[in-house]
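Number of protein chains: 2
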Amino acid sequence: MADSGFAPMIGIVEVAALAGVSPATVSRALRGLPGVSVTTRENVEQAAAKLGYVASPSAAALTTGRTSAIGVMAPWISRWFFSAVIEGAQDVVGERGYDTLLYPLGANAGAKAARVDTRALHKRVDGVLGLNVPLGLQPASLRNLRIPLVTVGSIIPGVSGVLVDDVEVGYAATSHLIGLGHRRIGFLGQDPDNMYGFTVAADRERGYQKALAENNIPLDPALIGVTGFPVEAGTAALEKMWIECGRELRCMPTAVFAVSDEVAMGVLYAARRLGIRVPEDLSVIGVDNHDMAYLFELTTIGQPVRDQGRIAARMLLDQVRLHEPAAPEVVRMSPGLITRRTTAPPRRDPDRP
Amino acid sequence: MADSGFAPMIGIVEVAALAGVSPATVSRALRGLPGVSVTTRENVEQAAAKLGYVASPSAAALTTGRTSAIGVMAPWISRWFFSAVIEGAQDVVGERGYDTLLYPLGANAGAKAARVDTRALHKRVDGVLGLNVPLGLQPASLRNLRIPLVTVGSIIPGVSGVLVDDVEVGYAATSHLIGLGHRRIGFLGQDPDNMYGFTVAADRERGYQKALAENNIPLDPALIGVTGFPVEAGTAALEKMWIECGRELRCMPTAVFAVSDEVAMGVLYAARRLGIRVPEDLSVIGVDNHDMAYLFELTTIGQPVRDQGRIAARMLLDQVRLHEPAAPEVVRMSPGLITRRTTAPPRRDPDRP
DNA sequence: CTGTTAGCGCGTTCAC
DNA sequence: GTGAACGCGCTAACAG
Numbered sequence: 021m022a023d024s025g026f027a028p029m030i031g032i033v034e035v036a037a038l039a040g041v042s043p044a045t046v047s048r049a050l051r052g053l054p055g056v057s058v059t060t061r062e063n064v065e066q067a068a069a070k071l072g073y074v075a076s077p078s079a080a081a082l083t084t085g086r087t088s089a090i091g092v093m094a095p096w097i098s099r100w101f102f103s104a105v106i107e108g109a110q111d112v113v114g115e116r117g118y119d120t121l122l123y124p125l126g127a128n129a130g131a132k133a134a135r136v137d138t139r140a141l142h143k144r145v146d147g148v149l150g151l152n153v154p155l156g157l158q159p160a161s162l163r164n165l166r167i168p169l170v171t172v173g174s175i176i177p178g179v180s181g182v183l184v185d186d187v188e189v190g191y192a193a194t195s196h197l198i199g200l201g202h203r204r205i206g207f208l209g210q211d212p213d214n215m216y217g218f219t220v221a222a223d224r225e226r227g228y229q230k231a232l233a234e235n236n237i238p239l240d241p242a243l244i245g246v247t248g249f250p251v252e253a254g255t256a257a258l259e260k261m262w263i264e265c266g267r268e269l270r271c272m273p274t275a276v277f278a279v280s281d282e283v284a285m286g287v288l289y290a291a292r293r294l295g296i297r298v299p300e301d302l303s304v305i306g307v308d309n310h311d312m313a314y315l316f317e318l319t320t321i322g323q324p325v326r327d328q329g330r331i332a333a334r335m336l337l338d339q340v341r342l343h344e345p346a347a348p349e350v351v352r353m354s355p356g357l358i359t360r361r362t363t364a365p366p367r368r369d370p371d372r373p
Numbered sequence: 021m022a023d024s025g026f027a028p029m030i031g032i033v034e035v036a037a038l039a040g041v042s043p044a045t046v047s048r049a050l051r052g053l054p055g056v057s058v059t060t061r062e063n064v065e066q067a068a069a070k071l072g073y074v075a076s077p078s079a080a081a082l083t084t085g086r087t088s089a090i091g092v093m094a095p096w097i098s099r100w101f102f103s104a105v106i107e108g109a110q111d112v113v114g115e116r117g118y119d120t121l122l123y124p125l126g127a128n129a130g131a132k133a134a135r136v137d138t139r140a141l142h143k144r145v146d147g148v149l150g151l152n153v154p155l156g157l158q159p160a161s162l163r164n165l166r167i168p169l170v171t172v173g174s175i176i177p178g179v180s181g182v183l184v185d186d187v188e189v190g191y192a193a194t195s196h197l198i199g200l201g202h203r204r205i206g207f208l209g210q211d212p213d214n215m216y217g218f219t220v221a222a223d224r225e226r227g228y229q230k231a232l233a234e235n236n237i238p239l240d241p242a243l244i245g246v247t248g249f250p251v252e253a254g255t256a257a258l259e260k261m262w263i264e265c266g267r268e269l270r271c272m273p274t275a276v277f278a279v280s281d282e283v284a285m286g287v288l289y290a291a292r293r294l295g296i297r298v299p300e301d302l303s304v305i306g307v308d309n310h311d312m313a314y315l316f317e318l319t320t321i322g323q324p325v326r327d328q329g330r331i332a333a334r335m336l337l338d339q340v341r342l343h344e345p346a347a348p349e350v351v352r353m354s355p356g357l358i359t360r361r362t363t364a365p366p367r368r369d370p371d372r373p
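Protein sequences appear in the order of chains A and B. Under my numbering, the letters of the first sequence match residues 21 to 373, in that order. Under my numbering, the letters of the second sequence match residues 21 to 373, in that order.
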């Protein structure tokens, strides 16, 4: 409510008055600094509690130069992966007494926003967590931030980050399919928004190619689809393949590796509608171990999502505390195959190669 | 203070010097205030751009008393409903030049956090968006905030809010099932965390009861399950019913109304595992029109989620601008039945009543 | 139209 | 162990 004039905002002086000490002492006492007698400290704490006093972050920031807030840049927040990472980060950020600022990036913000944000962030937050920051967009602008930055899901040279090795993810997924006996393996996941410079999709595709190459399986461009990360794109991509195949299984892949669980879910949906049986006619594997993946019996390459947020947040806050550049540290987490029911050996089918 | 020493931070005085004007003029020019000549304004803007200057929000907040930030309190953020609302809110908040602070509440924060946050928020943000704020927890503490508050998904007397009428939601869902010919209708959604004071689940249940009553269908406690909102709870609730029924359809409901799409998805999963056919043996309806509901062919009572966030954000920022209490306004959005494939008339089955 | 003066509410030197 | 003065960077109220 707009203050209708009553109940004057209580500041440090009010507390000081009540406690019978000076503002300086209040400041020291409340922040747990040494050099305050036990009784004084208690007096001050009681007074502060009674008045419901909280130091103004703005005023504190002005003198100390630190805002007690960290910024989280994310391309989306309603996408499960991001919201889960943020939730994890939020845990430790809040725990350590910092606030969390949310900055849209990419999808919501449009390309240019990245630079604007960069400057706004500068004096707003003590550190930045960058989720899947588009490498293409802000090579320098993020460095010029001059505040600690830690990335999740992608790496910027010279900057600390947490991620799973996405080449390994792609390799593991594809190897699983190959191990099952598949040789016509599709990849649904090339990124149409490559302009943003996300590397996740490209890396996973590299892992896919690597696994094929190691097993002397030729790369077939017809088995590759552009999807990005939306659910619907998975559906569309499989339908497209199906139509190009003349609505027959003959030239379809026997298995597909979807770039994310969400895309995989879209693929499963399409398969059901098209009458393609999973896993008999088509094996499907995704990535993430999405909270809902098990509902689809979806085999996936799982990654610790909330933990990535937690770890990244810890690294960031440590840097913030040290107030020193700190040698860039990259934490690589291990992905793991989670086998469920959407993958199986290919059927022996005379119709197929 | 705590500057690692290099590249001195540029402030308003540096810009003033470069532009050959006073700091006050820089301030006026950059904020688009009247009373600045066109040429001067251009000079200042160029100088600011060249130096990459951005006003310190902390300093500005100190003098103006406004932080240009709004806080979003939410019990979870990785739950689709909340992340979607936040995304919608973020759109308009960012558009209007405000930052978004994220505050955990309930689940993550534990009961007491609500009060702590309340005080911290006070001087941190110009307004607060409360998503499903637990009525029980903070009757006064939110009022004492003394800054504008707008709620989403629940209503606090005397406070503006946006929501769908959850009684109506429950009524619509149940009526749909009754209209199909069902009479043994279960409700899966009582909230174990009722201590938080969420009203959503209880309201939907009231709508359920109302629809039953109007159709002279007696309430059967055996058909009601406690789930809260997690997916797994939906699964567990149906399994429990199944076991209590001696693993037969005989005493099972012919249809269930799940309190959310996520719970409904859990129910569908359980049904599949138990060999209960949907919709032949069991109709299922959820609430939300979750982004993924269509993947399950889930019939649902849809509500505009992102729009609730957008509208609430607009209402909040309007209040912030006015800087006046503004008469509490409650916007009720209309839910709508979205018919897909998980609901159908009950089978005539001699085994069942 | 523009510059000058005076704080905003704290944290931080120093003295005491 | 405690208090008094000063300044953080900016905006607001005046003066010119």
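The beta carbon of each residue, even a glycine, is placed where N, CA and C say it ideally should be.
Taking the alpha carbon of residue i as the reference point, which residue from the options has its own alpha carbon closest?
i	options	result
Thr320(A)	Arg166(A), Val283(A), Arg334(A), Pro345(A)	Val283(A)
Tyr228(B)	Ala275(B), Pro250(B), Met93(B), Gly266(B)	Ala275(B)
Leu151(B)	Leu141(B), Ile167(B), Leu125(B), Ala140(B)	Leu125(B)
Leu288(B)	Glu317(B), Met272(B), Asp311(B), Ser195(B)	Glu317(B)
Ala242(A)	Asn235(A), Asp146(A), Asp213(A), Gly206(A)	Gly206(A)
Trp100(A)	Met312(A), Arg341(A), Ala346(A), Asp338(A)	Met312(A)
Arg116(B)	Gly356(B), Arg352(B), Val189(B), Val340(B)	Val340(B)
Val351(B)	Asp301(B), Cys271(B), Asn63(B), Ile175(B)	Ile175(B)
Gly201(B)	Val112(B), Gly31(B), Glu300(B)	Glu300(B)
Please report the straight-line C-alpha distance between residue i and residue j, rounded to a whole angstrom.
i	j	result
Glu259(A)	Leu208(A)	12 Å
Ala231(A)	Tyr191(A)	5 Å
Thr363(A)	Arg292(B)	18 Å
Ala221(A)	Val307(A)	11 Å
Pro365(B)	Gly266(B)	24 Å
Arg334(B)	Ile90(B)	12 Å
Arg17(A)	Asp223(A)	Given a span of 21 to 373 for chain A in the structure shown, any question on residue 17(A) remains unanswerable.
Thr60(A)	Tyr118(A)	27 Å
Gly248(A)	Leu357(A)	22 Å
Glu268(A)	Arg360(B)	28 Å
Val187(A)	Glu225(A)	7 Å
Asn128(B)	Arg48(B)	Because Asn128(B) carries a pLDDT of 47, less than 50, the predicted location of this residue cannot be relied on, and the following value inherits that uncertainty. Roughly 43 Å between the two C-alpha positions.
Tyr123(A)	Ala140(A)	10 Å
Ala75(A)	Val33(A)	11 Å
By the criterion of Cβ-Cβ separation under 7 Å, what are the contact partners of residue i in chain B?
i	result
Gly114(A)	Pro124
Asp119(A)	Leu121, Arg144
Going by other Cβ atoms of all chains shown within 10 Å of its Cβ, with 16 needed for buried, is residue i buried or exposed?
i	result
Gln110(B)	buried
Val105(A)	buried
Leu368(A)	Checking the sequence shown, residue 368(A) turns out to be Arg, not Leu. That one is exposed.
Gly114(A)	buried
Leu239(B)	exposed
Gly130(B)	Model confidence at Gly130(B) stands at a pLDDT of 47, short of 50, so the residue's coordinates are unreliable; what they give is reported in the following sentence. Answer is exposed; the Cβ neighbour count stays below 16.
Gln66(A)	exposed
Gly178(B)	exposed
Ser195(B)	buried
Pro159(B)	Because the pLDDT at Pro159(B) is just 47, under 50, the model does not fix this residue reliably, and the point stays unresolved.
Lys143(A)	buried
Starting from the beta carbon of residue i, find every residue of chain A whose beta carbon is closer than 9 Å, and list them in chain order.
i	result
Met285(B)	Met312, Leu315
Lys143(B)	Met29, Val74, Ala75, Ser76, Pro77, Ser78, Ala79
Thr87(B)	Pro77, Ser78
Name the chain B residues whose beta carbon is nearer than 8 Å to that of residue i?
i	result
Val251(A)	Asp311, Met312, Leu315
Chain B partners of residue i, CB-CB under 9 Å?
i	result
Glu107(A)	Trp96, Ile97, Ser98, Pro124, Asn128
Tyr191(A)	Here the premise fails: no neighbours, minimum Cβ distance about 28 Å.
Run down chain A in chain order and give the residues with a C-beta less than 7 Å from the C-beta of residue i.
i	result
Ser103(B)	Ile97, Ser98, Ser103
Thr247(B)	Residues of chain A passing the Cβ test: none, with the nearest at roughly 15 Å.
Ala140(B)	Val74
Leu82(B)	Ser78, Ala79, Leu82
Tyr289(B)	Leu315
Could you list which residues in chain A have their beta carbon closer than 8 Å to that of residue i, in chain order?
i	result
Gln110(B)	Ile97, Leu122, Pro124, Asn128
Within 8 Å, do at least three Cβ pairs link the segment 321–332 of chain B to the segment 179–187 of chain B? Cβ pair count under 8 Å is three or more, so yes.
Inter-stretch contact (C-beta, 8 Å, three-pair minimum) for the segment 243–263 of chain A and the segment 275–294 of chain A: Yes, they touch.
Is it true that the segment 79–88 of chain B meets the segment 75–83 of chain A, where meeting means three or more beta-carbon pairs spaced less than 8 Å apart? Because the criterion of three Cβ pairs below 8 Å is met, the segment 79–88 of chain B and the segment 75–83 of chain A touch.
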